[in-house]
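So the sequence shown is numbered by our numbering: it starts at -6 and just counts up by one.
Written out below as structure tokens is the structure these notes cover.
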Amino acid sequence: MAPRAPRVSEPETQDFMAEAQQMRAIFAALAAAARFLRASYWLKLVACVLVDAIGLGSFLLPGLGELGDVAWAPMQGVFLLYMCGTRVSLIAHWSRPQPSKRVRSPLETRDAVRNASPFHVAKAVLTSRPFRHSPWPKHRPASHV
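Structure below.
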């Protein structure tokens, strides 16, 4: 005879359901905030600069920068994927984490320029309407001889 699964008490089930409900509410609020940010170029740029500042802030304490990047890089990658809507944003973190033998300042590494802001600006420039359609005609008119 197979062993029976332990019974879960009613209070434990209610606690689990309450926590699940709270998590759903938090994720719904985050999704609404992200949709609001995605609606505007400038708000999205401010969010990207803020995300970059958080990543750069880990280098304020010597030796903590690389450790902070181990935790922050995946979160920043998911942020870029959602905000910019392309998988190329996940490739932006190929250099993270980059272990070092000595303590470096952010200005000595590639971490002085973070990934979110330049990626956002490049995507906005490359996908904006003026750059998508060339002002010049695709073919030259035949000249009269």
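Beta carbons are placed, not taken as given, at the ideal position from N, Cα and C, and that holds for glycine.
Determine the DSSP secondary structure at Leu38, reduced to helix, strand or coil.
-> Counted from its first residue, the sequence shown places residue 38 at position 45. Of the three classes helix, strand and coil, the one that applies to Leu38 here is helix, per DSSP.
For Trp35, is the classification buried or exposed, using 16 other Cβ atoms within 10 angstroms of its Cβ as the cut-off for buried?
-> Residue numbering aside, residue 35 sits at position 42 when the sequence shown is read from its first letter. Taking every protein chain shown into account, the CB of Trp35 has fewer than 16 other CB atoms within 10 angstroms, so this residue is exposed.
Gly56 by DSSP, collapsed to three states: which one?
-> One-based indexing of the sequence shown puts residue 56 at position 63. Note: Gly56 maps to coil in three-state DSSP.
So Gly48 and Gln69 are in contact, right, with Cβ under 8 Å, and what is the actual spacing, rounded?
-> Taking the first residue of the sequence shown as 1, we reach residue 48 at position 55. Taking the first residue of the sequence shown as 1, we reach residue 69 at position 76. That belief holds up - the Cβ atoms of Gly48 and Gln69 are roughly 6 Å apart, short of 8 Å.
Have a look at Ser33, Ala27, Ala66 and flag the residue whose alpha-carbon is nearest the alpha-carbon of Ala46.
-> Taking the sequence shown and counting its residues from 1, the one referred to as residue 46 is at position 53. For the residues Ser33, Ala27, Ala66, the minimum Cα distance to Ala46 belongs to Ala66.
Output the boundary residues of the alpha helix (DSSP H) element that contains Ala32.
-> For the purposes of this step, residue 32 is identified with residue 39 of the sequence shown, where counting begins at 1. Per DSSP, Ala32 belongs to no alpha helix (DSSP H) and is neither H nor E.
Would Phe52 be called buried (16 or more neighbouring beta carbons within 10 Å of its own) or exposed?
-> Counting from one through the sequence shown, the residue named residue 52 turns up at place 59. Buried, since its Cβ has 16 or more Cβ neighbours within 10 Å.
Where Ser51 falls: helix, strand or coil (DSSP) | Within the sequence shown, the letter at position 58 stands for residue 51. Under the three-state reduction of DSSP output, Ser51 falls in the helix class.
What whole-angstrom Cβ distance do Ala27 and Tyr75 have, given they're in contact under 8 Å?
-> As a first step, residue 27 must be located in the sequence shown, where it is residue number 34. As a first step, residue 75 must be located in the sequence shown, where it is residue number 82. So it is a contact: roughly 6 Å between Cβ atoms.
Take Ser2 and list the residues in its own chain whose beta-carbon comes closer than 8 Å to its own, dropping the five residues that flank it on each side.
-> As a first step, residue 2 must be located in the sequence shown, where it is residue number 9. No residues qualify anywhere along the chain.
Is the CB-CB distance between Leu54 and Ala40 below 8 Å?
-> What you label residue 54 is simply residue 61 of the sequence shown in a count that begins at 1. What you label residue 40 is simply residue 47 of the sequence shown in a count that begins at 1. No; because the gap between Cβ atoms is not below 8 Å, this pair is not in contact.
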